[in-house]
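Enquirer: Handing you this structure, nothing more for now.
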């Protein structure tokens, strides 16, 4: 099972790298989203995908899955959610200001303060 | 006072939360930010005092025993860095009060600055690798806000690049933590340090170590990962830039300091060579950039890279002497980079141009600014009585003791290039004929603005002259790095 999920993580990372290296800003943002999906899946997978009950205390159950990576993933998800929301708004503002979403055109040396 | 290590994190956080309720009351915002920072500074000085007497302070949050809960650890290294970063933020906020207009300050500026300090202090204090990631995100999120605040075209453009690089670095950080957890089954730094030597397949640990160096090198602008730094920093307004240049890259350096000495004890292994080569390349590229540009901000930005390279070289040598030198130089560099960025920002604000060819003759109208810059420049280059000298001396002698020759000579040579690059700013900017009437937006405020910069420089000069007095603290800070048992025992005590 771990091998199968690892291959999926690899494919996700591959797609993410391809999208991040593209020209359009929106594709880049989709790429970062895929990349964080890959990272979160990796946290769950490397901790081991042993079968067991959900980590909720129930009388009589002795075999639980590891609760720690689930907490880590939950934290990482909300963080990447916040950052992605910021990134999307930033992309929208940049599109309004610069009238382009092409990363190739976002260069130049105009003055700063 | 068992809760002492958490106060430098909680005080600015509480102040920032209260300040969120009244963003438009600029006067109250300024007073609260400065007040909170003074309070934090007093607490962190008290923390340094406590650590120097009672040894390493640990706090198990929620009273869960060490490897199971989150532990905050204040050893002398983190206490000194917390004090330095708080001091810097205090002076930068003082500078920002006079620098910005009220309409700009009304957009949660000081809230973001305080949260940046929360993240930095937390990253210095935490004893848990995932908690380190969370505090990284806290200060990165604040830095995204600070860099884009104002919303001009260039800022938006460079923010996108800065954001993209840091999102990727953060995802890599999560991946490295996941791999480390799968190998060891723990997240606490002290527990990790105890379990890692027991792993049979040390090659896995080396691979994870390389991943961590890539992650922290991305934050700290190590050479193949430095490409985002010049563009992102050059568009930020001066006080923000001073804070970034002084704090952000240094957190990456601190993390390498901590993980490399504690987790991946790498004398004579691949990791040592790897870090050493990257450090040398960083010095080299930094030197090239520092002499290549005629833009005052870019010159100082490339000087950040030289300093990061020199510090990391000291860390990679990994002996008592070189680590002392690295820590000494790290604190010096945080202070002096903030001073220099504020000074060049004032020069740009007065002359309305960042290019050396548009400046000249500033010394006749702004003598205080000129001589402050002169002392700061000499201090950056490491002229003996000033603060940059002692750290570099220890790094070079530490390298020489290990039989290295090339890298110590490069470190000495880099001092020459640093001196050349900042003296170029001094000679073109302050000497000669005035090119035109200097009536930029900052010209009327120059006297007020120079006061916090001068005081921060005074702290830095005192740091150089008081090297003998500070030395016991530095030695104590290095102890747990040279012999990690001290750190492990302090955290995992029964």
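Chains as they are written, first to last, in our numbering: chain A, -18 to 94; chain B, 14 to 507.
No residue lacks a Cβ here, since even glycine has one placed at the ideal position from N, Cα and C.
1. Measuring only between beta-carbons, confirm whether residue 64(A) sits less than 7 Å from chain B.
2. Please identify the residue among 448(B), 367(B), 111(B) and 133(B) whose C-alpha is closest to the C-alpha of residue 101(B).
3. Taking 7 Å as the CB-CB cut-off, is residue 11(A) touching chain B?
4. Can residue 430(B) and residue 347(B) be called in contact, C-beta distance under 7 Å?
5. CA-CA distance, residue 60(A) and residue 72(A)?
6. Find the residues of chain B that neighbour residue 60(A), judging by a C-beta separation of less than 8 Å, and give them in chain order.
7. In the region 253 to 278 of chain B, which residues sit with their C-beta less than 8 Å from some C-beta in chain A, listed in chain order?
8. Suppose the cutoff is 7 Å on Cβ atoms and the five residues either side in sequence are ignored; what does the same chain contact list for residue 48(A) look like?
9. How many angstroms separate the CA atom of residue 225(B) from the CA atom of residue 455(B)?
10. So, under 8 Å CB-CB, residue 359(B) and residue 382(B) are touching, yes? Tell me the CB distance rounded to an integer number of Å.
11. To the nearest angstrom, how far is it from the Cα of residue 365(B) to the Cα of residue 1(A)?
12. Below 8 Å on C-beta distance, what does residue 195(B) contact in chain A?
13. Excluding the 5 residues flanking residue 69(A) on each side, which residues of the same chain have their C-beta closer than 8 Å to its C-beta?
14. Name, please, each residue of chain A whose Cβ falls closer than 7 Å to the Cβ of residue 143(B).
15. For the region 3 to 73 of chain A, list the alpha helix (DSSP H) runs that are entirely contained and at least 4 residues long, ordered along the chain.
16. Of all the residues that make up the region 39 to 50 of chain A, which are near chain B by a beta-carbon distance shorter than 8 Å?
17. Within 10 angstroms of its Cβ, does residue 66(B) collect 16 or more other Cβ (buried), or is it exposed?
18. Compare the C-alpha of residue 386(B) against each of 409(B), 412(B) and 437(B) and name the closest.
19. Mind pulling the chain B residues with CB within less than 7 Å of residue -5(A)?
20. Whose CA, out of 18(B), 58(B), 17(B) and 184(B), lies closest to the CA of residue 17(A)?
21. If you check the beta carbons only, do residue 179(B) and residue 153(B) fall under 7 Å apart?
22. Which residues in chain A sit within 9 Å of residue 170(B), going by Cβ to Cβ distance?
23. When you compare only the Cα positions, how much space is there between residue 499(B) and residue 140(B)?
24. What does residue -15(A) reach in chain B if we use C-beta pairs closer than 8 Å?
25. Spatial neighbours of residue 158(B) within its chain, please: C-beta separation below 8 Å, excluding the five flanking residues on both sides.
26. Just list the beta strand (DSSP E) runs in the region 399 to 465 of chain B, keeping only unbroken ones of 3 residues or longer that don't cross its boundaries, in chain order.
27. Tell me the DSSP bridge mates of residue 70(B)?
28. At which residues does the alpha helix (DSSP H) containing residue -3(A) begin and terminate?
29. Under 7 Å between the Cβ atoms of residue 71(B) and residue 504(B)?
30. Which residue or residues does DSSP assign as beta-bridge partners of residue 371(B)?
31. Taking 7 Å as the CB-CB cut-off, is residue 188(B) touching chain A?
32. Report the start-end ranges of each alpha helix (DSSP H) in the region 310 to 389 of chain B that is 4 residues or longer and not cut off at the edges.
33. Quick one, which residues of the region 14 to 26 of chain A are near chain B if we go by CB-CB under 9 Å, in chain order?
34. Starting from the beta carbon of residue 157(B), find every residue of chain A whose beta carbon is closer than 9 Å, and list them in chain order.
35. On the DSSP letters alone, give me the boundaries of the alpha helix (DSSP H) that residue 80(A) sits inside.
36. Taking C-beta pairs closer than 7 Å, name the residues in chain A that residue 191(B) reaches, listed in chain order.
Expert: Quick look at the numbers:
1. yes
2. 133(B)
3. no
4. no
5. 18 Å
6. 147, 150 and 183
7. none
8. 36
9. 42 Å
10. 6 Å
11. 37 Å
12. 27, 28 and 29
13. 10
14. 53
15. 6 to 27
16. 49 and 50
17. exposed
18. 437(B)
19. Here the premise fails: no neighbours, minimum Cβ distance about 14 Å.
20. 184(B)
21. yes
22. 75, 78, 79, 87, 88 and 89
23. 14 Å
24. Residues of chain B passing the Cβ test: none, with the nearest at roughly 16 Å.
25. 121 and 125
26. none
27. 87(B)
28. -17 to 1
29. yes
30. Residue 371(B) pairs with nothing; no bridge assigned.
31. yes
32. 333 to 364 and 375 to 378
33. 16, 17, 19, 20, 21, 23, 24, 25 and 26
34. 64, 67, 68 and 71
35. It is not in any alpha helix (DSSP H) - residue 80(A) carries neither H nor E in the DSSP assignment.
36. 23, 24 and 27
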